[in-house]
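Peer 1:
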Amino acid sequence: MATAATATAAAAVSRTFSFFWNNAIQHPPEPQVRDGEVTVFLQPRRFARFAGVFTLVPLLPKRPPTKQLPTEVWRRILSILIDEGEEDDGPIISKAWLGRPTAGGNSLATSEERSHNATFKWNLALVSKEFKDIALPILYAHCHIASLNSLRLFVTHLSTSDQKWDSIRRIPYSSPGRWVQSLDVSRLTTSTHQERFTADDLLTRVFPLLPFLSRLELSLTLQLSRRAMHVLGTREGAASLRSLKGVKYDSYAAAPQEPSGHRQRTFVPNDPLTELIRNCPSLEELEVVGLGLDDLDVMIAEDNIMARNELLNSHSPTSLHLPNLRSLTLLSTPTSDLLLRLIHAQLPSLTNLIITPYGDIPSPLSLITPFLAAHGSKLRTLVLFTPKSWPTVIYPPPSDLLLLAPNLLALSLEKVRLSLNPPPPPPLTAKGTPVPGTGHPLKELWIALPTVDLREAVVTLLPVLPNLRRVRARETRWAKKGMSARALEAGYQGEMRSWRRVLARFKVRMLDADGRESGL
Numbered sequence: 001m002a003t004a005a006t007a008t009a010a011a012a013v014s015r016t017f018s019f020f021w022n023n024a025i026q027h028p029p030e031p032q033v034r035d036g037e038v039t040v041f042l043q044p045r046r047f048a049r050f051a052g053v054f055t056l057v058p059l060l061p062k063r064p065p066t067k068q069l070p071t072e073v074w075r076r077i078l079s080i081l082i083d084e085g086e087e088d089d090g091p092i093i094s095k096a097w098l099g100r101p102t103a104g105g106n107s108l109a110t111s112e113e114r115s116h117n118a119t120f121k122w123n124l125a126l127v128s129k130e131f132k133d134i135a136l137p138i139l140y141a142h143c144h145i146a147s148l149n150s151l152r153l154f155v156t157h158l159s160t161s162d163q164k165w166d167s168i169r170r171i172p173y174s175s176p177g178r179w180v181q182s183l184d185v186s187r188l189t190t191s192t193h194q195e196r197f198t199a200d201d202l203l204t205r206v207f208p209l210l211p212f213l214s215r216l217e218l219s220l221t222l223q224l225s226r227r228a229m230h231v232l233g234t235r236e237g238a239a240s241l242r243s244l245k246g247v248k249y250d251s252y253a254a255a256p257q258e259p260s261g262h263r264q265r266t267f268v269p270n271d272p273l274t275e276l277i278r279n280c281p282s283l284e285e286l287e288v289v290g291l292g293l294d295d296l297d298v299m300i301a302e303d304n305i306m307a308r309n310e311l312l313n314s315h316s317p318t319s320l321h322l323p324n325l326r327s328l329t330l331l332s333t334p335t336s337d338l339l340l341r342l343i344h345a346q347l348p349s350l351t352n353l354i355i356t357p358y359g360d361i362p363s364p365l366s367l368i369t370p371f372l373a374a375h376g377s378k379l380r381t382l383v384l385f386t387p388k389s390w391p392t393v394i395y396p397p398p399s400d401l402l403l404l405a406p407n408l409l410a411l412s413l414e415k416v417r418l419s420l421n422p423p424p425p426p427p428l429t430a431k432g433t434p435v436p437g438t439g440h441p442l443k444e445l446w447i448a449l450p451t452v453d454l455r456e457a458v459v460t461l462l463p464v465l466p467n468l469r470r471v472r473a474r475e476t477r478w479a480k481k482g483m484s485a486r487a488l489e490a491g492y493q494g495e496m497r498s499w500r501r502v503l504a505r506f507k508v509r510m511l512d513a514d515g516r517e518s519g520l
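Written out as structure tokens, the structure is:
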């Protein structure tokens, strides 16, 4: 009997486990969703004595949902991250006349660092699709190209994307071409004719694909062809170009050739650079680098000065309209059709001028003095700079420089003997001091190296420069403390101390390249 009872109980237990196995374990209840909350059921173990279904109860409070940052905030964050560390070399000679490396020399960051930073920034577009949509327009906004192969890949990608762009889209311009706002190829080096031709052809192809280009910086090893200048000036959006730097231009290119083989320096119609500038009325910065002036030009000008003056007077150029031009750089450009038209143009916003002087060489061989006579009254900063070449010939500034620029506040000179006609002396008070607010307003004078001849020339001008407060030497620094007295009086250190003693009588400070009045 006991055995039968045990068998009956075992059969009952087996049926119970089978029931829960078939209903609870093999067919577990699905999670229920009610009012946005999910109810999860826990299942018993397979061989549990008392099977059942339990509800999973959270022990911690419910975590509030994470708030999504707006797209504008992410765009701002990525813009700061991508733009961080971007190098702005400024004008071509802005670092050269300050005694710093130029864009074509040793840059602030090595090529490996720039490559690493670029790789890191482009990897941001691989984080997610949302990051890609936000980061790509920012990455393409400012393009820096340093090699011919990179330029070729860039142009190919933009051309392929433009060919795939259809008219169904509501935006008429293709991407990523419409994202590009500035293009910098100043580090691009072309050493052969084939490389220069290839680079010019690539730039000619890419200019029409950049409708919103506002800043363009070219390489001084590359001279744009007439075709490239025409495409750049006639493309859609040319009126929005605000900065054009690094334009290397040969004014002889279109000039007729004389029987002697020398190209006559004359003014030709439809000058490509002039037409380019005419189509860019919104320009704020312009940099043009020419080929300079050689001795043959001077001899020809002295022999035929009457004929050239007649040519200049008979030429009636159409003036340019550049109301926003505030910074102008004309290096090694004694004369050109562009310079002649700028003389007759209205430049109300021009305040900063970087120019290569050519002394008192008469026009039309040199139009620097007529240009200063036309626009010198508006200048506040004037930098005289001659690019390095072989052989380097540095001409003095025009003798009437201070008279041609009566409102100048800062003046930078070169390593040349200074001979300037003094401006009119300021009126004096009863005590013999200049009347406040009168006299030439020049406040800061930059020199290359302190010399005895230059010191004597500056001292003769100090009585008519009552507002001068600082004289700064660009290429020398005060010696560190701890050197002997004899060493401090030798060389440029001793000359700087002489300058400081003489200038102190006129309440003028003598500064070194770092802007310090004494050594550390």
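Just so you know, we're using the working numbering here: the sequence shown kicks off at 1 and counts up by one. Idealized CB from N, CA, C, for every residue including glycine. Being a predicted model, the structure only gives us computed values, none of them experimental.
1. Can you give me the C-alpha to C-alpha distance between Ala146 and Arg205, rounded to a whole angstrom?
2. So what's His344 in DSSP terms, helix, strand or just coil?
3. For the candidate residues Ala125, Pro463, Lys388, Val416, whose alpha-carbon lies nearest to that of Pro422?
4. Are Leu353 and Leu379 close, meaning C-beta to C-beta below 9 Å?
5. Any idea what DSSP makes of Pro101, helix, strand or coil?
6. Considering only DSSP beta bridges, list what Asn352 is partnered with.
7. If you check the beta carbons only, do Leu428 and Leu404 fall under 9 Å apart?
8. Is Asp184 closer than 9 Å to Ser225 when the C-beta atoms are compared?
9. Nearest-angstrom Cα distance between Pro398 and Arg501?
10. Give the DSSP-derived three-state secondary structure of Ala504 in the structure shown.
11. Is it buried or exposed for Trp478, if we count other Cβ within 10 angstroms and need 16 for buried?
12. From the DSSP secondary-structure annotation, give me the bridge partner or partners of Trp446.
13. Go through its chain and collect everything with a Cβ distance to Arg215's Cβ below 6 Å, but skip five positions before and after it.
14. Alpha carbons only, please: which of Glu444, Leu340, Leu291 is nearest the one belonging to Leu331?
15. Are Leu401 and Leu420 closer than 9 Å when you measure CB to CB?
16. Compare the Cα-Cα distances from Ile394 to each of Arg497, Leu350, Pro348, Val416 and report the closest residue.
17. Where does Lys67 fall in DSSP's three states?
18. Alpha carbon to alpha carbon, how far is Leu210 from Gln163? Give it in angstroms, no decimals.
19. His142 bridges to which residues according to DSSP?
20. Following the continuous alpha helix (DSSP H) through Glu236, name the residue where it begins and the one where it ends.
21. Checking 9 Å against the spacing of the C-beta atoms, do Val247 and Leu286 come in under that value?
22. Taking 8 Å as the threshold, find out whether the stretch 439-454 comes into contact with the stretch 470-477 through three or more Cβ pairs.
23. So, with DSSP's three-state summary, where would you put Ser159?
24. Between Glu284 and Ser349, is the Cβ-Cβ spacing less than 9 Å?
25. In the DSSP output, what is Leu244 paired with across the bridge?
Peer 2: In this structure, then:
1. 18 Å
2. coil
3. Pro463
4. yes
5. Caution applies to Pro101, whose pLDDT of 35 falls short of 50 and renders its modelled position unreliable; the model cannot decide the point.
6. Ser327, Thr381
7. no
8. No, Cβ-Cβ distance for Ser225 and Asp184 is not below 9 Å.
9. 29 Å
10. helix
11. buried
12. Residue pairing for Trp446: DSSP places it in a beta bridge opposite Ser412, Arg472.
13. Ser182, Ser243
14. Ranking Glu444, Leu340, Leu291 by Cα distance to Leu331 puts Leu291 first.
15. The criterion of a C-beta distance shorter than 9 Å is satisfied by Leu401 and Leu420.
16. Val416
17. coil
18. 14 Å
19. Answer is Ser182.
20. Per DSSP, Glu236 belongs to no alpha helix (DSSP H) and is neither H nor E.
21. At the C-beta level, Val247 and Leu286 come within 9 Å of one another.
22. yes
23. helix
24. Yes, the Cβ-Cβ distance between Glu284 and Ser349 is below 9 Å.
25. The partner list for Leu244 (beta bridge, DSSP) reads Leu216, Leu286.
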